[in-house]
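Residue numbers (my numbering), protein chains in the order written: chain A, 685 to 1348; chain B, 1242 to 1345; chain C, 4 to 410; chain D, 141 to 344.
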Amino acid sequence: MAIIERPSTELEVSITPSVVVPSTTLGNLRRPVQSTGWKSWLFTVDHKKIGIMYGVFAMIFFIIGGVEALLMRLQLAAPDGKALSADLYNQMFTMHGTTMVFLFAMPMAAAFANYFLPLQIGARDVAFPRMNALGLWFLVVGGLVLNAAWFLGGAADGGWFMYAPNSGPVFSPSNGVDFWTLGLQIAGLGSLIGSINLIVTVLNMRAPGMTMMKLPVFTWMILVVQFLLVFSLPVITVALVLLMFQRSFGATFFDVAQGADPLLWQHLFWIFGHPEVYVLILPAFGIISEVLPTFSRKPLFGYPFVVFSGAAIGFVGFGVWAHHMFAAGLGPVSVAVFSIATMAIAIPTGVKIFNWTLTMWGGKIWFTTAMKFAIGLVVLFTIGGLSGVTHSVAPSDTQQTDTYYIVAHFHYVLFGGMVFGLFSGFYYWWPKMFGKMLNERLGSWNFWLMFIGMNMTFGPMHILGLQGQPRRMYVWTEARAGEGFFNFGFWNLISSIGSFVLALSVLLFLINVVQTARKGKQAPLDPWDARTLEWITTSPPKEHNFDRIPTVHHLDEFFHRKYVEDEATHTMKAIATGEEIVRNEEANAESHIHLPSASYWPLVLAIGVGVLGLGVLYGVPIMVLGAAIVLLSSFGWVMEPSVAEDSDYDPPAGGTSKELASHG
Amino acid sequence: MATATEHAEHTEHEQHGLTDGGYIKVAVVLAVITALEVSTYYVDFGPFFMPSLMIMMVAKFIIVVSYFMHLKFDNKLFSFMFYAGLVLALGCYFAALATFQFFS
Amino acid sequence: MSRHAMSARNAHRVRALAITKLVGASIFLAGCAKDAPQDVFQPKGENAADINNLQYMVFGIAGVVGVIMTVLFVVTMTKFRDKGQPIPEQSHGKPALEITLTIIPALILSVVGVFTFRGVFDLAETKDTELVINVTGQQWWWEYDYPVQGDWGIDKPIITSGQLVMPAGTKVLIRETSRDVIHSYWIPALNGKRDAVPGRIHTLRLHADNPGIYAGQCTEFCGLSHGNMRMEAVALSKEDFATWVTNQQAAYKEPEKDSLAEQGEAVFLNQCVRCHQVNGLKKADGTAAIAAPDENVYAGAAPNLSKFMSRNTFAGATWDLLKKDCRGNVWDAKSEEFGAKYLEGVSADCLNEVDLRRWLRNAPAMKPMYADPTKLEPTDGKYRGMPYLALSESDIDKLVAYLLTLK
Amino acid sequence: MADTAVHAAHDVGHGAHVTSTGLSNNKLAMWLFLGSECLLFGGLISTYMLYRGRVANGPHPNQIYDIPFTSVSSFVLLMSSLTMVLAVSAAQRRNDQQTNLWLTVTALLGATFVGGQVYEFTAFYREGLGFTTSLFSSSFYTLTGFHGVHVTVGVIMLLVTRSIIQKNRVTGDKAESVEIVGLYWHFVDVVWIIIFTLVYLIPA
Ligand code: HEA
Ligand code: HEA
Ligand code: CUA
Ligand SMILES: [Cu+2]
């Protein structure tokens, strides 16, 4: 509950002198204070630690989702594949899609958002630190519930959009779909909390001088994404609730015998689902909007246009969902309207592509690994976007929908777009987050293998789809494969080989990470000659982010502290190094810094919600137990003292040895 | 510690809204509209039935949101957040229902 | 205008043409896979051709834009790589250029939009329909039901499965629905796909220019055996179609006395008829044997087998009823000869006995279905699909002989 | 959006306490949440609207609604908005006693409404309208049930707020805490205004 998270002004508190500030919750629990060891992670409210945990979680699920994909590619490498049974295959693509979208892509974006958004706006933390932790733990619990199904009778098997009535109890008799609805509801709750938190953070916690039109583009894109989430998550929540009520309590929502209309589910899903794809891509757009200028040594071309087009994509994104239903029988009027609306969305997206290209145009391009990935995004996303435009022509989409041509489209935008953007972010921000440089040589291998593997895997799917191979088929047959250059056999094989090239590239990245952690070299403070606020501090940043909250005068503040324009020649002249600037900030550190204290309750509350959810499946006693934990921890949350006791610190805070006093 | 501008903002905020008497008047208006709404159940309004009900519903909605929830007096950012949600909800769900031939 | 300017113009045009040709050629190549029966670039009828025109337009535009963008990327990257030049001016953009670059795609897309708009409404037109066929999807096969239409000699409803037989050169209207989950009907050569949604009836126009067999596949994920749910549209000349109709309505031919087939009929009556209808088949007591699949099958239907051997694939058009060489005879037949070959149906020599026997021996092992008796709780004990019937090999011999008489 | 940013008012040392927009974090968060709730209830209401006439079994909506009864409970909820706003106004005058009085009255009115709903549900159930009876019944109970849960949560929030004011344990701005609970409360009322018209007054 947001009521008592943080005093908005100290003014009010001091007016009521008789405030009793409690120091314990529930009689004897104080706020945890550990700053090392596993407890310092589990109970943390530090946005940077939370960001890293999001990242680790997402990476694990990227590998899980990836291995699921590899199994599918094994099955499809040849006709009448025998690697997986029909049942397993169906679970595989359902969980692959679900995992990649909800447990890899969104959390990885959340990792970057949590870590860098406060740094980019010059804040000490987010607006609601405990909520932030709660969002993470909801996601973790949701992810575990989703995947628990593998061990409890089989995972969900209805495809990641889980169309009714195939997802109903009759046609999906295992518990997989139940775990799926529960897991997604819990994870969704986490996202909702997280997004409200981040919006308030961006609006309210900016450093002095940081106007909205000076926000780094990454922050802007994250802001747009959070609005998309706030307004689209409730819609899928409705869908999931209806499905859960049907499966667990016998409600009739998708029971055709009662007169239900299965298209209701499709609308609810895609009203969420289309904004969701922009939720997935915009963070990557944000990342490369930082990377491209940095390595082109030029500001982003047309900053206001990029910002505005991002917002426009977000807004228009709510009006096109039915393009996923062109073949569903909506009637010509709806189809025509949504078809045109879908085309409209290519316009603001085009603006972004043009602006990135024009950012590089006239620049001084430095091909680091991060830059290569960023350029990779621009190239591959354009291909994926253009195939998207071919879908938007509704009659032509009726030939394409539910074939591999669609699978090609969305992997080009998701893998070629989003994943490349995220990898660009890894290489760009790794030195910031961990103080060590990822190896550029391995990075280059990583990039090229991924670029080639990606085109090998998903490029042939265009051909396969247009030759008529439908998606979600556990086998394909020689009989419909055709002959000659474009036959299914050859291209399916290429695609499968490509997927292993991709796996190799991911493996190289993991090796790079391990090597860097073991013996990577210390990164300079400003390795890339970067432009934005997160670099005006040490790497990794201290717990309180900035020794002195920077005052902002420019878009690309950091750059403009390092360089001034030579009036005569219009070239840039260095006046300070990044190192000097950071040292200067350290020298002028503020003396009095407040940071939020850690808390037990986010974790406990999330576990309680998980137990409550499982109660839906395993009976009322478990539900009661879960509800009890939830109630108790909400109570603990509300009653929690706003500060940890100074004496709990070791050595005690407040003295000279500990510079940080903690404050709610 | 807050600066002077901050302070001014805050006290100004306190004075927004209506007096208690004003709130009671608003409540009376709401009560009257509700009575009218209920009367449609007993009296036949003919073709005016639907439009009048809709108008009364929207009027009540706006009155509560503007006065009781202070949206009329508060910062526009709050209005943006709430009405953005409302407008998206109306747009999406109207469109979705329209594809079911709900309105024809 | 000077000659010089003109030739420069022409050169420009030539280059543009060349690019268009290049793109066109690559699309054409993609469209030219030999014998890929579900290729979306090989329309064989009016509706598909209409769609194909739109496809050419939008793929062409996307291709040209793609080429332009690629060139732009490559030039940018080579031209402006770090060659030691000074850090460039920190310019923030040129609004005029921005606006131009917004308007150009908008213009291109409005053109596409206009054609799309027209295309959508053209394809939804149903007034000029000449023949109506009801199509019902279920896990995991299609049922076709020809309502009585005197003009076509259809005096009593015809019910078949797997292969949709229709007259060529005719505007056929498909009325689709489903008995269980959502399926999608798709014959790429004849039209785009349309979902078959339970509780709703959707229409789809099919039109084939020439006689022939056109492959398709269910394209909405519909559960376990979605991958084994195919279909074919068979277009016959109008005369051949009339022959086909007559045959479908022909009376039941009792198997010869004391033949293996007659014993097969008995097995069939015993085992199969509770699900499968064979029109005109009588029980031992002389009453009509009416299938009551509702009691066994969740969707409430099993394929009507009355003229089973007049089709040449089975079980959701997934397996051939014809041996390989006989199959080629029909599938590769020239348009003019196709009808006659198709109407021959399946003869004993041509029967693909291996797969048919496999099917009778254990259908769920061949095509995954929830016929597993331990998984029937949510369906109140009803099967989905055809169950394992534990038939003896001699019963199977008899059944095969019997099925061969259903023609 | 940019113009709402207040940049001058920054106390560097306490950056976290003075917000860039000058607006309270909590209030912003609550408004965002309410914006989100619009789409939640919108979805439930649309589901109901689509399905209200689809009655394969059991009673039809027009046979079962008790308009006079629901009118009274709607009126009760409407009036609780008045008492809520009076509580906020008292809190802004820093009058704890009156604040607590109005909070209590609001919670009581809310509880009355929930009680009415429980009664209504049992009455419907006795007339043969179970949760699983028909599309109408499932969507009716889901929609009104969700709303009822929201009211119940509201009542709990009111009572908790009341008790922490009484014990003087509010960590932040007291008036603001009351105001934020109030926002939630009014929203729940506003949703009922729509439900009352669309669900009850318009015949299916
Ligand atoms: C990151 C995610 C992402 C993104 C960004 C997009 C972007 C787009 N998508 Fe995609 N889409 C998906 C993810 C995404 N999509 C997924 C996951 C599915 C499948 C879901 C499922 O079924 O499982 C899907 C499916 C999907 C469909 C449904 C297909 C079907 O099932 O039948 C459609 C139909 O219109 C569509 C269209 C578009 C369009 C028009 C864009 C546009 O935004 C693209 C705009 C970009 C460009 C056009 C390129 C750059 C622009 C220029 C260079 C300017 C000049 C261009 C022109 C003049 C044309 N997408
Ligand atoms: C972010 C989203 C995302 C990402 C990144 C991917 C990545 C990949 N996808 Fe995914 N895909 C989807 C989202 C995504 N996909 C969605 C939404 C669907 C639709 C689902 C549905 O229809 O319901 C889909 C469907 C889908 C299909 C279609 C299935 C079907 O319709 O039948 C296929 C088929 O080839 C496929 C393949 C792949 C491959 C090969 C990768 C590769 O890029 C994966 C690369 C990653 C790795 C390979 C991991 C690294 C692994 C290691 C380092 C392993 C080392 C360790 C060991 C071996 C132990 N995907
Ligand atoms: Cu039927 Cu897929
Ligand atoms: Cu979409």
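Even glycine gets a Cβ: it sits at the ideal position worked out from N, Cα and C.
Keep in mind it's a predicted model, so treat the numbers as computed, not measured.
Query	Result
CA-to-CA distance, Ala-1336(B) to Gly-1013(A), given in whole angstroms	15 Å
Closer than 7 Å at the beta carbon, the chain B residues around Trp-332(D)	The premise fails here: Trp-332(D) is roughly 10 Å from chain B at the closest Cβ pair, so nothing lies under 7 Å.
Test: Ser-936(A) CB closer than 8 Å to a CB of chain D	The question names Ser, but residue 936(A) is Thr in the sequence shown. Yes, Thr-936(A) counts as interfacial toward chain D.
Cβ of Phe-317(C) within 8 Å of any chain A Cβ	no
Limits of the alpha helix (DSSP H) - the one that Gln-930(A) falls within	901-933
Short Cβ contact (8 Å threshold) for His-1075(A) with His-1007(A)	yes
Span of the alpha helix (DSSP H) around Ala-1028(A)	1016-1028
Per-residue DSSP class, three states only, for Gly-34(C)	Unreliable positioning characterises Gly-34(C) in this predicted model, as indicated by a pLDDT of 47, which lies under 50. The coordinate reading is nonetheless provided below. Residue state, collapsed to three classes: coil.
Buried/exposed call for Ala-1201(A), threshold 16 Cβ in 10 Å	exposed
Complete alpha helix (DSSP H) runs within the segment 96-168 of chain C (minimum length 4 residues, chain order)	98-127
Residues within the segment 1272-1283 of chain B neighbouring chain D, beta-carbon criterion of under 8 Å	Ala-1272, Thr-1275, Glu-1278, Val-1279, Thr-1281, Tyr-1282
Chain-ordered neighbours of Asp-939(A) on chain B, where CB pairs are closer than 8 Å	Residues of chain B passing the Cβ test: none, with the nearest at roughly 17 Å.
Trp-1050(A) at chain C interface by Cβ criterion, 8 Å	yes
C-beta atoms of Ala-1058(A) and Pro-1115(A) nearer than 8 Å	no
N- and C-terminal bounds of the alpha helix (DSSP H) containing Gly-416(C)	As displayed, chain C neither begins before 4 nor continues past 410, which places residue 416(C) out of reach and without an answer.
Sub-8 Å separation of Ser-851(A) and Gly-842(A) beta-carbons	yes
CB contact check: Leu-1331(B) to chain A, cutoff 8 Å	no
Residue range of the beta strand (DSSP E) that includes Val-175(C)	175-181
Whole-angstrom distance between Val-357(C) and Leu-394(C), CA atom to CA atom	16 Å
Contacting residues, own chain, Cβ-Cβ under 8 Å from Leu-184(D) (five flanking each side not counted)	Ser-279, Thr-282, Leu-283, Phe-286
Proximity test, Ile-1147(A) beta-carbon vs ligand 2 heavy atom, cut-off 7 Å	no
Where His-1093(A) falls: helix, strand or coil (DSSP)	helix
Every unbroken alpha helix (DSSP H) inside the segment 226-268 of chain D [4 residues or more]	236-266
Asp-53(C) burial status per 10 Å Cβ neighbour count (16 or more: buried)	buried
Cβ-Cβ distance between Phe-788(A) and Ala-840(A) below 8 Å	no
Any non-hydrogen atom of ligand 6 closer than 7 Å to Leu-1070(A) Cβ	Within the structure as shown, ligand 6 is missing, the only ligands being ligand 1, ligand 2, ligand 3 and ligand 4.
Closer than 7 Å: Val-1190(A) CB and nearest ligand 2 heavy atom	yes
Reference Asn-798(A); option with closest CA among His-780(A), Gly-872(A), Ile-906(A)	Ile-906(A)
His-1238(A) versus Thr-159(D): straight-line alpha-carbon distance, rounded	20 Å
The segment 1278-1294 of chain A touching the segment 800-817 of chain A, judged by at least three CB pairs closer than 8 Å	yes
Between the CA atoms of Gly-288(D) and Val-254(D) - distance to the nearest angstrom	6 Å
Proximity test, His-1095(A) beta-carbon vs ligand 4 heavy atom, cut-off 7 Å	no
Val-70(C) CB to nearest heavy atom of ligand 1 below 7 Å	no
Outcome for Pro-108(C) when other beta-carbon atoms lying within 10 angstroms are tallied against a minimum of 16	buried
Coarse secondary structure for Asp-53(C), derived from DSSP in three states	helix
Local Cβ density within 10 Å of Asn-1229(A), reported as buried at 16 or more and exposed below that	buried
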